[in-house]
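Chemist: Residue numbers for the sequence shown, in the numbering used here: 6 to 326.
Backbone N, C-alpha and C fix where the C-beta goes; we use that ideal spot for every residue, glycine too.
Here it is, the structure, as structure tokens.
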Amino acid sequence: IKKIAILTSGGDAPGMNAAIRAAAKTAMAKGMKVYGVQRGYMGMLNDEIFPMDGGYVSGIIDRGGTRLLTARCLEFKDPKFRAIAAQNLKKRGIEGLIVIGGDGSYHGADLLSKEHDIKVVGIPGTIDNDIKGTDFTIGFDTCLNTILDAVSKIRDTATSHERTILVEVMGRHAGDLALQACIAGGGDGLLIPEMDNPIELLAFQIKERRKHGKLHDIVLVAEGVGKVQDIEEALKQKINTEVRSVVLGHVQRGGTPSGFDRVLATRMGAKAVDLLEAGEGGVMVGIENNKIITHPISFAWDGERSYDFRPDYELALLLAK
Ligand code: F6P
């Protein structure tokens, strides 16, 4: 493969730029011609494809967001539009594509490689950590640290007012961010969509702790559980302390990527190019036991999660008591 393209798709994640940079520089070092696609699959469809040079990826390793811009493209579910997009690559002689994004982006990648004989490699880039076949996704670690920073600040005011504060974090249908933020942030309660979350139990634990002199409660709530305002209302009926809720929102998606995310993104970006050079497509890269590995791209939705959250969940609940 002599010509490859790179795109970012779905929600942005800190570290995406480091992956773009690593893939582009590795490909250039191997003598490949590299193209950038702006705005994900939307830009592929609209022919927003440009030749990339080294300067384009210079000075971006420490920048959050994605220099290539991103979008969610519903049209890509339609084979007619996928054919147009594929043709935009083919007319430039581009045979390989690197897609940096979440599992929604992987479905598009899988179909492209099956229908149009384009070699596609997926790199997991999402704060949610919800992709099977990898212990970590790019952006998760940075996002976790952003949440921890917020939790510390929220604890100051929660203690001063002796309040219970519910902190809603992102994660779509996954509870990884809430779970790990509860462990690392010393949370006092945890609600995640993978488990039943009886509000009676949470209320009981809060009342017990208050009897023993606790001045605040920080409860991590994954967005997949439901509206935090509804949980706030339900909890207010069951406890005597004041309750507030905070939705951290899109602040969680921004910021300078952590060292971990930059190294992860760099290793994955380089690996994606190695795979394309070897003529491999229809695969995703992941990290398992600190090794960069590959799976068929469909593993992202068909496979087993490599992160077993249960022991961490038990630990979080034990320490929250
Ligand atoms: O997938 C990343 C993510 O931030 C999820 O955690 C969240 O549910 C969603 O994207 C929000 O999407 P948008 O920015 O389109 O509202």
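Is Tyr312 helix, strand or coil when you go by DSSP?
Modeler: Here Tyr312 sits in coil by DSSP.
Chemist: Could you tell me which of Ala277, Asp307 and Ala239 sits nearest to Thr31, measuring between CA atoms?
Modeler: Per the Cα distances, Ala277.
Chemist: Leu50 and Ala90 look like a contact to me (Cβ under 8 Å); what is the Cβ gap, rounded to whole Å?
Modeler: Confirmed, about 4 Å.
Chemist: Return the CA-CA distance between Val233 and Gly64, expressed in angstroms with no decimal places.
Modeler: Cα to Cα, Val233 sits roughly 39 Å from Gly64.
Chemist: By Cβ distance below 6 Å, which residues in the same chain neighbour Glu293 in space, the five residues on each side in sequence not counted?
Modeler: Closer than 6 Å at the Cβ level, and outside the excluded window around Glu293, lie Asp140 and Ser311.
Chemist: On the DSSP bridge list, what partners appear for Ser250?
Modeler: DSSP lists Leu171 as partners of Ser250.
Chemist: Let me know the secondary structure DSSP gives Leu220 once reduced to three states.
Modeler: Coil.
Chemist: Return the chain-ordered list of same chain residues with a C-beta closer than 7 Å to the C-beta of Arg229, the five sequence neighbours on each side being excluded.
Modeler: Per the sequence shown, the amino acid found at residue 229 is Gly instead of Arg. The answer, listed in chain order, is Gly176, Arg177, His178, Ala179, Gly180 and Pro198.
Chemist: Using three-state DSSP, classify Thr261 as helix, strand or coil.
Modeler: Residue state, collapsed to three classes: coil.
Chemist: So Met120 is in the beta strand (DSSP E); what residue range does that whole segment cover?
Modeler: The sequence given here places Glu at residue 120; Met does not occur at that position. Per DSSP, Glu120 belongs to no beta strand (DSSP E); it is in the alpha helix (DSSP H), Asp108 to His121.
Chemist: Within 6 Å: the Cβ of Thr131 and any heavy atom of the ligand F6P?
Modeler: Correct: Thr131 has its Cβ closer than 6 Å to the ligand F6P.
Chemist: Hey, could you find the ends of the alpha helix (DSSP H) Pro84 is sitting in?
Modeler: Where Pro84 is concerned, the enclosing alpha helix (DSSP H) stretches over Pro84 to Lys95.
Chemist: According to the neighbour-count rule (16 or more other Cβ atoms, all chains shown, within 10 Å of its Cβ), is Asn150 buried or exposed?
Modeler: Classification for Asn150: buried.
Chemist: Exposed or buried, Gly190, counting other C-beta atoms within 10 Å across all chains shown (16 or more means buried)?
Modeler: Per the 10 Å Cβ criterion, buried.
Chemist: Are the stretch 132 to 139 and the stretch 61 to 76 in contact at 8 Å, needing three or more beta carbon pairs?
Modeler: Verdict: no, contact absent.
Chemist: Is any heavy atom in the ligand F6P found nearer than 6 Å to the beta carbon of Gly106?
Modeler: Flag unset: Cβ of Gly106 not near the ligand F6P.
Chemist: Run the CB neighbour count on Phe209, radius 10 Å, all protein chains shown included, and call it buried at 16 or more, exposed below.
Modeler: By the 10 Å Cβ count, Phe209 comes out exposed.
Chemist: Could you check which residue in Ile66, Ile54, Gly69 and Gly127 has the C-alpha nearest to that of Ile92?
Modeler: Correcting the residue type first, residue 92 is Gln in the shown sequence and not Ile. Answer by Cα proximity: Ile54.
Chemist: For Thr261, which residues from the same chain have a beta carbon less than 8 Å from its beta carbon, with the 5 sequence-adjacent residues on both sides left out?
Modeler: Contacts found: Pro19, Asp67, Arg68, Gly69 and Thr147.
Chemist: In three-state DSSP terms, what is Met200?
Modeler: Coil, per DSSP.
Chemist: Leaving out five residues before and five after Leu153 in sequence, what residues of the same chain have Cβ atoms less than 7 Å from its Cβ?
Modeler: Same-chain partners within the cutoff: Ala186, Ala189 and Gly190.
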